[in-house]
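One structure is given below, encoded as structure tokens.
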Amino acid sequence: MAYIVVQILNALSFSVLLLLTGLGLSLVLSLMNFVNLTHGSFFLLGSYIGVQWMASGAPWWMAFPAAFVLTGLVGALLDRYPFRQFYPRTHLMQVLLTYGLSVVFADLMRWGFGADTLSPMLPDLLQGVVFVMGFPFPVYRLFLIATGGSLALVLWWAIEHTLWGAAIRACVIDRGIVETLGINTRRLLTVGVVLAAALGGLGGALGAGMLSAYPGLDEEVLLLALLVVVVGGLGSFTGTVLSALLIGFVTTFARMWLPEFANFLTLGMMALVLMVCPNGLLGRETRQL
Amino acid sequence: MTSRAWISATGVDTAPGRRAGGWRWLCLAALLCGVLAVFGDDYQLRFAAEILLVGTAVMSLNVLVGFAGLVSLGHGAVFGAAAYGAAIASQHWGSDLLLMLPVGVLCGMALAALMALVSYRSSGLFFLVLTLVVGQMAWEVVFRWREVTGGADGLRGYPALTVAGLPASHPLALFALALALAVASGWALRTFVRAPVGHAVQGMRDQPLRMRALGFHLGRLRLQTFLVTGAVAGAAGSIYPFVNQYIGPNAVHWSMSATLVIMSVLGGIATLAGGFVGAALYLVAQTQLSSWTDRWQLLIGMLFVLTVIFVPHGIVPALRRRFTS
Amino acid sequence: MMPVLQVAAVQKSFAAVPVLRSIDLEVRAGEALGLIGPNGAGKTTLFNIMSGFVSPDAGQVRLDGRDITRVTPESRARLGVVRTFQKSLVFPTMTVRGNVAMAVRASASTGNQWWRAARAMRQADEQAQALVEAGGLASRADTLAAGLSYGEQRTLDLLIALAQRPRLLLLDEPTAGLSEAESHRLLELIATHHADIALVLVSHDIDVVFRVCGRIAVMDLGVLIANDTPQAIRADARVIAAYLGMPAPWVQGAGS
Amino acid sequence: MTHRFAARRRSVLLAGAGLAASTAWPGLTRASGEPIRIALLTSLSGPFSGLGESMRAGLQLLLAQSNQEMGGRPIQLLVEDDQGKPDEAVRKVRKLVGQDKADIILGVISAAVALAIRDIVTESRTLTFIANAAANALAREAASPYIFRTTKTSWMLAHPAALWVHENVATRGGITLASDYAAGREYVADFEDTYRQQGGTLGKQFWTPLGTTDFAPLLMNVAALKPEFIYAFFPGADAVRFLKQMQDFRLRDSIRLIGPGALFDQEDVIPAVGAAALGGFNAFHQSPGAPASQAFVQAYQQARQRLPGEASTAGYATGQVIRSGIEAVGGDLSRKEAFKAALLAEPVATAFGPMRFDPRNNQAILDIYLNEVKPGPDGKPLNTVIKTYPGVQDPGPGNARP
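Chains as they are written, first to last, in our numbering: chain A, 32 to 320; chain B, 71 to 395; chain C, 42 to 297; chain D, 120 to 521.
Now the structure itself:
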């Protein structure tokens, strides 16, 4: 019993980790319809910032806002050039542009941060354990579940229940109509991209304690994030959350019972979901007629 | 998101028609191949053969992406599965081209057909991710079925290629075979895209709904396209392990598929010749830049970014426009 | 004479909201049926059921007496059920002639060929050229469809449908957004071709419906409230009421 | 000309922060004749890039100490990045051989890469030194007369580890836990073989996919089993995550952890995991605490402000082997047979320890250290030798596992 409870907590923390990788991408891809493959780079940049910040001796908790702001800044620069010209372009062009940029960033980060695997020096507070029915469970994972969960909640509220969120969602469907409401859609898209980059960075800083930071993490995270968001269905933030939970639980329990086939089972599950729901878990059926 | 939005907005004219001056490029290519065959050393010939084989796979991907609007991230797996199929078969039944080719073609078509069936109802980004997932499942099989595929280490040391019993492992012979395959595949794909079915495939890309109203079965069209492109990629894949003298799981990995897509876009998605131009540019840059600077990945990345900003339709259409106007 | 199209007791609900409640309709060869009604009346759904893109919850669709309720839209197209769409759906990267030729090949069952390609293409091109000329687009035959004006695209849209050699032609708003002259030319094109085919026309342009159709069916809230000659429809009290107290569009004599 | 320029510029660039660029230049003026082209094939991008950079730094250090010359001839260093991908490596090796006319190739982090390039360098008869990759096959059925391996095989680490565990830890109640790919399978299978031969019985075996991010589900299973010890192997970032998560779940204190040295690599893993590495045991041919490597450790620390791990030591030691070969033939690399004979004739003193080569397969015979990770003089975790297994020799050809 205790074993299962702890495994559920593990599944939950892994789901939140997946969610953290997917948050920003969900915003740009699913709500703004912009395929941003530099997302993995933002995540890794955030991880590096988090690691460096915690190593510098500054207050540890400031690492998260720092990662948020700094990667957001990079996002703002990118939005100015060259993302802006590419919002109306086809996905294929966006893919090539952002993939190229992600290769450039990967190299720049390897240059700047070195090639070694780095782990954040977490404060003692986060290194502790609590006992869950006799099993030790890391405080850090609870922290991850709490912060990731509340972050998702805030974002969900912002997107589904505020005017800004409504405007962003409407913007994807029809820019013209949003313009007539007197909203500057270009600024709106900028806000979306910057926020997505910042969220990617924040996710990286939070996740570094579990994933560490090293060259190549950007690509791994990108793949995970892409799968989470697409399986969840475009245009729905709830779908992303649901899909992160589904993938997190399937992976965790597959690793528990059939560790050798964990990857295969997870992939198979995703293929199945996309075969049964061709528009993702909560994707709206695109009306053709 | 219909597949149309993926492609059509590039404004690429894929309407097949006679283009003036096409033969001039063909002559140039023939001249280049001739010079290589006469003056090229072993290394250059083998490298050229590799470019031709990868280029053939990219050319088939161009039909899938550019003509049918199906942006697949699983084409590398199709190519790689065929390569593995041939390499494994050669260990049991010898490595004659007359056997390798059908084995590769069948492997390629089988995996392509599986992708077509799995992605039957998908389009756009979902199609992309589904093909990626199926490709990754193939990778898992290759990576973990160590007794047969060699696992992470891949396969090497299989017999050298022969053609009807004659040895064909010399780089010049490999180059000639790759060239022959490239020409034959080019001809086959050109026939395909110019035939009624090729037009139907383009119609499916641009107006899937209208095509249904015209009585075309989109699933069948998609399956046909997958089979044809899978066969071509499979044929290229069947020779690849003998040119490279090695085949490993990376050839099936999604990053290989992504590389093929990038080559495709570099050359021009809606052209057949673009496949070779893209493959050549990418492979030459990848191999040569790294001798010059540690920051070669940065340069490669910049190459993609600059291409998409300045020649968004790819190099071949850009050249064509420049030399016809 | 057996009707070409019979719709019998067709019902359809979306998410438990009834959209069509038992619709019966017939169209004969040479006959033109206009389908009108306010927004949300269920015209589009009925239209989609006829062409097979939506399947009904209950009831039957018959073509020349044969039950085709469960036949896919692709197969219906091969049986001669031809439709257009509200938006014009032409192939932007092909020439005008190529657009029409695609439909010619589809109806000649050579559309999926990739053997004897040259012959199939040439034959289709010849037939397509004739249709393009009949449709008044001869000068644009080699233009890419993306380069056509809106009116020309609408015409091409219709030419594609005609090239399919329809037995039953379902036209969805064929004249929407066209100028007077353009829509006039389009209607003539329809008139010259519908001699022995059954025609169903959905339109908001009441003028067009009254001009072209020998019979008009009026729908409101999923129910067929009238199905009669244009003269009778003009006088039908229920029809006027259906347009909710507003003066029915034809009362003032001109369309909106 | 262009290549020479590029390589010269790189030597300057890459000599490392602690080395004055000027040391590269006098070498070229003093040595005479055509330079010997030595090509380093290593991973400078992708997941192994940390190891790749260390290897290059180690080799650079040796070249700087040798004044960029060996056997009286200047050395021109070419560096190629294989991205850790065999396909890429095959292409790069062909280029090094066919276009750059490299005299000697060395490096290679990944076992898959080492096997992939085996036929190509053998066909072109290029002297090749595998400095890091451990695949057993290369010392057995895939041994090549042109390939020297200046490092361990999987067996050479797993075998002594099993002996030591059986003798000092437990004869039963242990489990294995490893990345599910060629290297992991080899380490575990070889460990299991020896351990069984000694009469031990081994419990459950767990495999996780390469690139596993979350080990927690597995660690729960491990915790439930309460094993006597774990024999584990994970490469690079997987090792870091595994050790950290072991620590997170408080399993490091209660279960003894033994692995091949890569699990506790001094340079690649320990700085990233810190205290979580303490108390770990590993069998390795490299140890910063080994007497033979002291001179190198000091020079390396001065150059890069860090302790060397396997890859950097391998770069340096392989350079030492190549230098001794080149000196034996007086810089005349056309005398390949003499070069090989010299290496086979007597041991080379390297930073790993004395290195002899097995004439059957050109495989190094090495001292294997049993390291324990203990707090070093500065309090940081340090691999400390607690036992040495001298002259461990791979079973070699004919002893391949069925």
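Just so it is clear, CB atoms sit at the ideal spot from N, CA and C, and this is done for glycine as well. Owing to the predicted nature of the structure, the values given are computational and were not obtained by experimental measurement.
Within the continuous beta strand (DSSP E) that includes residue i, where are the two ends?
i, result
"C/Ser96", "That residue, C/Ser96, is in no beta strand (DSSP E); it is neither H nor E in DSSP."
"D/Tyr508", "500 to 511"
"D/Leu246", "246 to 249"
"D/Gln424", "Where D/Gln424 is concerned, there is no enclosing beta strand (DSSP E), given that its DSSP letter is neither H nor E."
"D/Gly472", "472 to 477"
"D/Thr469", "467 to 469"
With DSSP collapsed to three states, give me the class of residue i.
i, result
"D/Thr121", "Note that D/Thr121 scores 39 on pLDDT, short of 50, meaning its location in the model is unreliable; the coordinates nonetheless yield the value given after this. In the structure shown, D/Thr121 sits in a helix (DSSP, three-state: H, G or I)."
"D/Phe334", "coil"
"D/Ser298", "strand"
"A/Phe65", "coil"
"A/Leu212", "coil"
"B/Phe286", "coil"
"D/Lys493", "strand"
"A/Gln158", "helix"
"D/Arg156", "strand"
"B/Thr394", "helix"
"B/Met372", "helix"
"B/Gly300", "helix"
"C/Leu265", "strand"
"C/Ala49", "strand"
"C/Met91", "helix"
"D/Ala256", "helix"
"B/Ala333", "First, the amino acid is wrong: residue 333 of chain B is Met here, not Ala. B/Met333 falls in the helix class under three-state DSSP."
"A/Pro119", "coil"
Is the separation between the beta-carbon of residue i and that of residue j shorter than 8 Å?
i, j, result
"C/Ala70", "C/Asp237", "yes"
"B/Ala388", "B/Ile309", "no"
"D/Leu170", "D/Ile228", "yes"
"A/Met140", "A/Tyr79", "yes"
"D/Arg213", "B/Tyr352", "no"
"A/Gly131", "B/Gly371", "yes"
"C/Leu87", "C/Glu67", "no"
"A/Phe268", "A/Ile190", "yes"
"D/Asp201", "D/Ala158", "no"
Please list the partners that residue i has in chain A, where partner means a Cβ-to-Cβ separation under 8 Å.
i, result
"D/Met339", "Tyr34, Val37, Gln38, Asn41, Phe166, Met287"
"D/Arg360", "Met241, Leu242, Ser243"
Going along chain C, which residues have a C-beta under 7 Å from residue i?
i, result
"B/Asp276", "Phe132, Pro133, Thr134"
So which residues on chain F does residue i lean against when the C-beta distance must stay under 8 Å?
i, result
"A/Leu139", "Within the model displayed, chain F is absent; protein chains A, B, C and D are what it includes."
For a contact defined as C-beta to C-beta under 7 Å, what are the partners of residue i on chain B?
i, result
"A/Leu295", "In the sequence under discussion, the amino acid at residue 295 of chain A is Phe, which differs from the Leu named in the question. Neighbours of A/Phe295 on chain B, chain order: Met207, Glu210."
"D/Glu311", "Per Cβ cutoff of 7 Å: no residues; D/Glu311 is ~16 Å from chain B at best."
"D/Gln218", "Tyr113"
"C/Glu115", "Arg282, Gly285, Phe286, His287"
"D/Pro205", "Gly224, Tyr316, Gly318, Asn320"
Tell me which residue opens and which closes the alpha helix (DSSP H) that residue i is part of.
i, result
"C/Glu67", "From DSSP, C/Glu67 is part of no alpha helix (DSSP H) but of the beta strand (DSSP E) over 58 to 68."
"D/Gly226", "Segment 223 to 226 is the beta strand (DSSP E) holding D/Gly226; no alpha helix (DSSP H) there."
"B/Arg260", "241 to 264"
Below 8 Å on C-beta distance, what does residue i contact in chain C?
i, result
"B/Phe109", "What B/Phe109 touches in chain C: nothing, since even the nearest Cβ is about 39 Å away."
Anything in chain B within Cβ reach of residue i, meaning under 8 Å, just list it in chain order.
i, result
"C/Gln205", "Leu284, Gly285"
So with CB distances below 9 Å, who are the chain D contacts of residue i?
i, result
"B/Arg214", "Asp299, Tyr300, Pro328"
Query raised in the report: Which parts of the region 115 to 143 of chain C are runs of the alpha helix (DSSP H), unbroken and 4 residues or longer, counting only runs that do not cross its ends?
Result: The region 115 to 143 of chain C contains no whole alpha helix (DSSP H) run of 4 or more residues.
**Report entry** In chain order, each alpha helix (DSSP H) run of at least 4 residues that lies wholly inside the region 259 to 313 of chain A
**Finding:** 268 to 288, 293 to 307
Query raised in the report: In the region 91 to 179 of chain B, which residue ranges form an unbroken alpha helix (DSSP H) of at least 4 residues, counting only runs that do not cross its ends?
Result: 92 to 109, 112 to 132, 145 to 163
Query - Unbroken stretches of the alpha helix (DSSP H), 4 residues or longer, contained in the region 321 to 409 of chain D - result: 335 to 344, 355 to 367, 389 to 392
Report task. May I have a chain-ordered list of the alpha helix (DSSP H) segments no shorter than 4 residues that lie completely inside the region 214 to 249 of chain A? Result -> 216 to 242
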